[in-house]
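Colleague: Encoded as C-alpha cells, here's the structure I'll be asking about.
Residue numbers (UniProt numbering): 1 to 379.
Printed below as a string of C-alpha cells:
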C-alpha cells in the first residue's frame with residue numbers, strides 16, 4: 001500500500017504553516033484515502049495506519065459520517081479480544097452525488113449523475129452537430145437537466161473532462177473544442193453555485209485507471225484516439241508542469257524531416273504518425289492482411305520509441321495505453337514492447353511494459369467525478 005499521507009486524494013500541507021483547519025482537512029483526506037474506493041476498516045485500524053490518536057480518529061470520522069462521505073458498513077469478522085466486534089467504515093455511495101461530463105469524445109457529449117465512486121446512476125449522451133462544436137450554453141442546459149431530479153443539497157460538485165491544457169479551471173487551449181482561455185469553472189460556478197472541477201481528459205482517465213484499473217502509484221498513461229495525450233503519476237502525485245501542459249506530447253515531432261505535414265506547422269508530429277486516427281487512415285490503403293499487420297506493428301514500434309526517453313528519465317515500468325481496440329491491439333502492443341526491450345531495457349529498467357487499459361468508455365467520466373471528490377475532501 002502506498003503512503004496514505006501523500007496520495008492522490010490527500011490534502012497537501014507540505015511546505016506550509018498548517019492551521020488547525022488545515023490539519024483537520026489533512027486528517028480527513030488521509031482517512032478517506034485509506035477507505036477509497038472499496039476498503040472497509042475499523043477506527044482502530046485507521047488509527048494504526050495514520051498514527052492519529054483514538055480521539056482524533058473519532059473526531060474526524062464523526063464529521064465524515066455526518067457529511068455523508070463514509071458510513072458504518074458492518075462489523076469485523078471476529079473480535080480481537082473479549083469485547084464486541086469492531087465496527088467497519090467504508091465509503092458511502094448512497095447520499096452524495098456528482099455531475100460529471102466528458103467533452104473529449106467525437107460527435108457527442110457524455111454526461112451523468114454519479115456516486116462518490118464515479119459510477120453513473122443517471123446518464124445522458126447528446127449528439128453534436130457535423131462540426132463537433134461544443135457550446136457553453138449546451139453544457140449549462142445538460143447540467144440543468146441532470147440535476148433536476150437530484151437533491152441539490154447532495155450535489156458536491158460538477159466535474160468536466162476536457163481535451164487540452166487546463167489551468168485552475170480555465171481551458172487555456174483546446175484544439176479539439178476550438179477553445180482558448182475559456183473560464184469554464186467561473187462560468188459554471190456562477191450559474192450553479194456549486195464547486196466545479198475542470199480536468200484534462202487524459203488526467204481524468206488516469207485517475208480512473210489508478211483507482212478502478214490495475215495501476216500502481218507510478219504510471220505513464222497515454223490516451224491514443226483522436227489525438228495523443230499523456231498523464232504521469234510519480235509516487236501517486238500527478239505531474240502538472242510549469243505551464244500545466246505536462247503530457248501534451250501529440251505535437252512532438254518524431255520524424256521532422258520526412259514525416260507528413262501537421263496542422264500545427266511542424267512535420268512528423270506523433271499524432272500524424274501513430275494516433276489511432278492516423279493509423280486507420282493508412283490501414284484504408286492496405287491491400288492485404290499482412291500489410292495491415294505490418295502497418296500496425298510499425299506504429300507500435302514508433303510509439304514505443306517516442307516513449308523510451310521519458311521512461312528512462314522517470315523510471316516508470318507501467319505504461320498503460322487507452323485507445324480503440326481495432327488499432328491499439330495485441331499487434332500494436334507486442335511490437336511496442338519489443339521496441340522497449342531494444343531501446344529502453346537495462347539493469348535499471350528491466351520490466352517496463354506497455355499494456356492496454358481495460359476500462360470502458362466511461363473512463364474520463366468516472367475520472368472527472370474522482371477529481372471532484374479529491375477537491376471536495378480537501379475543503
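Where a beta carbon is used, it is the ideal one built from N, C-alpha and C, also for glycine.
As an exercise, report each continuous alpha helix (DSSP H) stretch of at least 4 residues that is fully enclosed by the segment 152–195, in chain order.
Modeller: If we require 4 residues or more, the alpha helix (DSSP H) runs fully inside the segment 152–195 come out as 184–192.
Colleague: Could you compute how far the alpha carbon of residue 334 sits from the alpha carbon of residue 341?
Modeller: If you take the alpha carbons of residue 334 and residue 341, they lie about 11 Å apart.
Colleague: Pull up the CB-CB distance for residue 207 and residue 196, whole angstroms please, since I reckon it's below 8 Å.
Modeller: That belief does not hold up - the Cβ atoms of residue 207 and residue 196 are roughly 17 Å apart, past 8 Å.
Colleague: What is the DSSP secondary structure of residue 340, counted as helix, strand or coil?
Modeller: DSSP places residue 340 in helix when its eight states are reduced to three.
Colleague: How many angstroms separate the CA atom of residue 338 from the CA atom of residue 371?
Modeller: When rounded, the distance between both Cα atoms is 35 Å.
Colleague: Check for me: the beta strand (DSSP E) holding residue 223 runs from which residue to which?
Modeller: Element bounds for residue 223: 219–224.
Colleague: Considering only residues of the segment 250–288, which uninterrupted alpha helix (DSSP H) runs meet the minimum length of 4 residues and lie entirely inside it, listed in chain order?
Modeller: Complete alpha helix (DSSP H) runs here, min 4: 270–274, 276–283.
Colleague: Can you have a look at residue 174 and say buried or exposed, based on whether 16 or more other CB atoms are within 10 angstroms of its CB?
Modeller: It counts as buried.
Colleague: Report the rounded CA-to-CA distance for residue 336 versus residue 225, giving the unit in angstroms.
Modeller: Using only the alpha carbons, I get a separation of about 17 Å.
Colleague: Out of curiosity, what's the CA-to-CA distance linking residue 227 and residue 277?
Modeller: Distance between the alpha carbons of residue 227 and residue 277: 7 Å.
Colleague: Can you tell me whether residue 330 is helix, strand or coil according to DSSP?
Modeller: It is helical.
Colleague: Which whole-angstrom value describes the C-beta separation of residue 35 and residue 89, a residue pair presumed to lie in contact below a C-beta threshold of 8 Å?
Modeller: About 6 Å; that satisfies the 8 Å criterion.
Colleague: Where does residue 318 fall in DSSP's three states?
Modeller: Strand at residue 318.
Colleague: Would you report the Cα separation of residue 119 and residue 125, rounded to the nearest angstrom?
Modeller: If you take the alpha carbons of residue 119 and residue 125, they lie about 15 Å apart.
Colleague: If I follow the unbroken beta strand (DSSP E) through residue 120, where does it start and stop?
Modeller: Element bounds for residue 120: 120–127.
Colleague: Would you list the residues sitting across from residue 42 in a DSSP beta bridge?
Modeller: 88.
Colleague: Look up residue 110 in the DSSP assignment and say whether it is helix, strand or coil.
Modeller: Residue state, collapsed to three classes: strand.
Colleague: Have a look at 98, 281, 219, 183 and flag the residue whose alpha-carbon is nearest the alpha-carbon of residue 149.
Modeller: Among 98, 281, 219, 183, the Cα nearest to that of residue 149 is on 98.
Colleague: Identify the residues that DSSP records as bridge partners of residue 237: which are they?
Modeller: DSSP output for residue 237 lists 234 as bridge partner(s).
Colleague: Measuring CB atoms only, is the segment 38–56 touching the segment 344–362, in the sense that at least three cross pairs come out at less than 8 Å?
Modeller: No, they do not touch.
Colleague: Can you tell which of 73, 231, 200 has its C-alpha closest to the C-alpha of residue 430?
Modeller: In the structure as shown, the chain starts at 1 and stops at 379, and residue 430 therefore has no counterpart that could be examined.
Colleague: Evaluate residue 94 with the Cβ neighbour count: other Cβ atoms within 10 Å of its Cβ, from every protein chain shown; 16 or more gives buried, anything less gives exposed.
Modeller: Counting Cβ neighbours within 10 Å, residue 94 comes out exposed, since fewer than 16 surround it.
Colleague: What residue range is occupied by the uninterrupted beta strand (DSSP E) comprising residue 75?
Modeller: Counting along the chain, the beta strand (DSSP E) containing residue 75 begins and ends at 70–75.
Colleague: Which residues share a DSSP beta bridge with residue 199?
Modeller: Bridge partners of residue 199: 161.
Colleague: Is it the case that the Cβ atoms of residue 29 and residue 49 are separated by a distance below 8 Å?
Modeller: Taking 8 Å as the Cβ cut-off, residue 29 and residue 49 do not qualify as a contacting pair.
Colleague: Please state whether DSSP places residue 95 in a helix, a strand or coil.
Modeller: Residue 95 falls in the coil class under three-state DSSP.
Colleague: Residue 214 and residue 364 look like a contact to me (Cβ under 8 Å); what is the Cβ gap, rounded to whole Å?
Modeller: Their Cβ separation, rounded to whole angstroms, is 18 Å, which puts residue 214 and residue 364 out of contact at 8 Å.
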